[in-house]
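So the protein lines, in turn, are chains A and Y.
Position one of the first sequence corresponds to residue 1 (this note's numbering), numbered consecutively onward.
Position one of the second sequence corresponds to residue 1001 (this note's numbering), numbered consecutively onward.
For reference, the structure is listed below as structure tokens.
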Amino acid sequence: MSDPWYVLSGIAVSAAMTWALRAAPFAMLAPIRHSALMAHIGERMPVGMMVILAVYTLRDTDPVVAASAGPAVLALAITIGLHLWRGSMTLSIFAGTAAYVLVTSVIAA
Amino acid sequence: MQVMEMDTASDASTGVREEIAAGWRAVLPACVAVIPLGLALGVLVVHSGLAWWWAPVLGAIVFAGTMEFLLVGLLAAAAPLAQIAVSTLLVNFRHVFYAISFPLHRVHGAGWKAYSTFALTDEAYALTVKPESAEWSRARIVSIQAFFHLAWVVCVAVGAGVGSLIPPEVVGLEFAVTALFVVLGLEAYKVRRSLPIPALAVGCAILAALVSGENMLLIAMGMFAAALVGSYVFAAWRSRSV
């Protein structure tokens, strides 16, 4: 279906970038380790990236259509609530996804 | 003389075997924890319209869980390679900081160092962040990474096999990715417990979606990174002028 050369190039580009990010700091260790800017960004970046990614995955959800936004709001509440309560990644992801799949499958049927 | 040499050689190989066993014991909980994610990634690959065998290929070559979930969506949407490169740069930027504590100086040999940096995942970092790892052997460090790599590829492949058995009436499985990012976001939030940063990220994401749904990820991450650099410059300027 998809062009295999495109998929392979995409995987290769992503892998090369990931490797560069992991290996390069060892080569230019000293300046990065002690940079205050890097410490500032490094402490704040992960939470922001995850929030942006979460919103991105919901980009096809229409906030004013109940059948579209409703299951998402419910599943998000379950995921966040369970995670704050029990702190188990597997449980939070599984329960939130199960609720979303159940409600959207019933609506779609 | 010859007997003595053989003794040392067999001593060394038992030592290596013990170190590999120690690596296995250290990494086992992480391998178990990653099973549901690996299965979910495999299911997602099949449901995105890619052939099932792309799942283990992806898992083996990219070996960065969060990015792999995102990459499946980008590949399915035929995103430009430049967008894949920039998304990887921003999503995996955190790995730059793993060099601070990872005991790469214990991993001798260019080939081993190459693999060890390639497989420097969040989990590998988390398992070696303790101070005593500075004394660990190469066999232990590399076996932690290699066992985790193997477990990940197997889980992803099994997930892709299972994924093709799920009937088409079941929809909404892609929410697993949303839930993953939300949970990782909550974990990252615990580091600082400050609300303005995630609020800023939500603002960037919504603004970017309004500007261009297609390039949303790039615009949002770019704005957010620029805002972080800006806030650093501003804080530095203010502390100097006080």
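Yeah, the Cβ is synthetic: ideal placement off N, Cα and C, and Gly gets one too.
Predicted model, so just to flag it, every value in this text is computed and none were measured.
Point to revise | Closer than 8 Å to chain Y by CB, residue 75 of chain A | key: yes
**Study point:** Cβ-based burial, residue 106 of chain A [other Cβ within 10 Å; buried from 16]
**Key:** exposed
Point to revise | Continuous alpha helix (DSSP H) stretch holding residue 1175 of chain Y: start and end | key: 1175-1192
Review point. Listed from N- to C-terminal order along the chain, which residues in the region 5-16 of chain A have their beta-carbon within a distance smaller than 9 Å of any beta-carbon of chain Y?
Key: 6, 7, 8, 9, 10, 11, 12, 13, 14, 15 and 16
Check your understanding: Any C-beta of chain Y sitting closer than 8 Å to the C-beta of residue 109 of chain A?
Key -> yes
**Study point:** DSSP state of residue 1097 of chain Y mapped onto helix, strand, coil
**Key:** helix
**Study point:** For residue 1104 of chain Y, three-class secondary structure by DSSP
**Key:** helix
Check your understanding: Applying a beta-carbon distance threshold of less than 7 Å, which residues of chain Y neighbour residue 85 of chain A?
Key -> The premise fails here: residue 85 of chain A is roughly 11 Å from chain Y at the closest Cβ pair, so nothing lies under 7 Å.
Exercise for review: Could you check the C-alpha separation between residue 1166 of chain Y and residue 1058 of chain Y for me, to the nearest Å?
Suggested key: 21 Å
Point to revise | Where residue 1121 of chain Y falls: helix, strand or coil (DSSP) | key: coil
Review point. How many whole angstroms separate the CB atoms of residue 51 of chain A and residue 1185 of chain Y, which I take to be in contact at a CB cut-off of 8 Å?
Key: 5 Å
Review point. Can you name the residues of chain A whose CB is closer than 8 Å to the CB of residue 1036 of chain Y?
Key: 90, 93 and 94
Point to revise | Segment contact flag, the region 1031-1044 of chain Y with the region 1148-1164 of chain Y, C-beta cutoff 8 Å, min 3 pairs | key: yes
Check your understanding: Do you know offhand how far residue 1054 of chain Y's Cα is from residue 76 of chain A's?
Key -> 30 Å
Review point. Within 8 Å (strictly less), CB to CB, does residue 23 of chain A reach chain Y?
Key: yes
**Study point:** Whether residue 1019 of chain Y touches residue 1139 of chain Y by CB criterion (8 Å)
**Key:** yes
Point to revise | Unbroken stretches of the alpha helix (DSSP H), 4 residues or longer, contained in the region 33-63 of chain A | key: 36-57
Point to revise | Interface partners of residue 158 of chain A on chain Y, CB under 9 Å | key: For residue 158 of chain A there is no data in the structure shown, the boundaries of chain A being 1 and 109.
**Study point:** CB contact flag (residue 1048 of chain Y, residue 1076 of chain Y, <8 Å)
**Key:** yes
Point to revise | Against chain Y: residues of the region 46-57 of chain A by CB proximity under 7 Å | key: 46, 47, 48, 49, 50, 51, 52, 53, 54, 55, 56 and 57
Review point. Going by C-alpha distance, which of Y:1024, Y:1170 and Y:1122 is nearest residue 1187 of chain Y?
Key: Y:1122
Check your understanding: Starting from residue 1089 of chain Y and walking both ways along the alpha helix (DSSP H), at which residues does that stretch end?
Key -> 1081-1091
Exercise for review: Answer with yes or no whether the minimum CB distance from residue 1047 of chain Y to chain A is below 8 Å.
Suggested key: no
Review point. Does DSSP put residue 1061 of chain Y in a helix, a strand or coil?
Key: helix
Exercise for review: Go ahead and pull the three-state DSSP assignment for residue 1170 of chain Y.
Suggested key: coil
**Study point:** Neighbourhood of residue 99 of chain A by C-beta distance below 7 Å, restricted to the same chain and skipping five residues each side
**Key:** 74, 75 and 78
Check your understanding: Contact check, residue 37 of chain A vs residue 1098 of chain Y under 8 Å by CB: the rounded distance?
Key -> Contact doesn't hold; Cβ gap of about 18 Å is too wide.
**Study point:** residue 101 of chain A at chain Y interface by Cβ criterion, 8 Å
**Key:** yes
Review point. Helix, strand or coil for residue 1054 of chain Y per DSSP?
Key: helix
Point to revise | the region 1080-1102 of chain Y: positions lying closer than 9 Å to chain A by Cβ | key: 1081, 1082, 1084, 1085, 1086, 1087, 1088, 1089, 1090, 1091, 1092, 1093, 1094, 1095, 1096, 1097, 1098, 1099, 1100 and 1102
Review point. Can you name, in chain order, every residue of its own chain whose Cβ lies under 6 Å from the Cβ of residue 1100 of chain Y, other than the five neighbours on each side?
Key: none
Check your understanding: Just to confirm, are residue 1124 of chain Y and residue 1093 of chain Y a CB contact at a threshold of 8 Å?
Key -> no
Exercise for review: Please list the partners that residue 1229 of chain Y has in chain A, where partner means a Cβ-to-Cβ separation under 9 Å.
Suggested key: 37, 40 and 41
**Study point:** Closest by C-alpha distance to residue 981 of chain Y, when choosing among Y:1056, Y:1194 and Y:1170
**Key:** Residue coverage of chain Y in this structure runs from 1001 to 1242, which leaves residue 981 of chain Y outside it and unanswerable.
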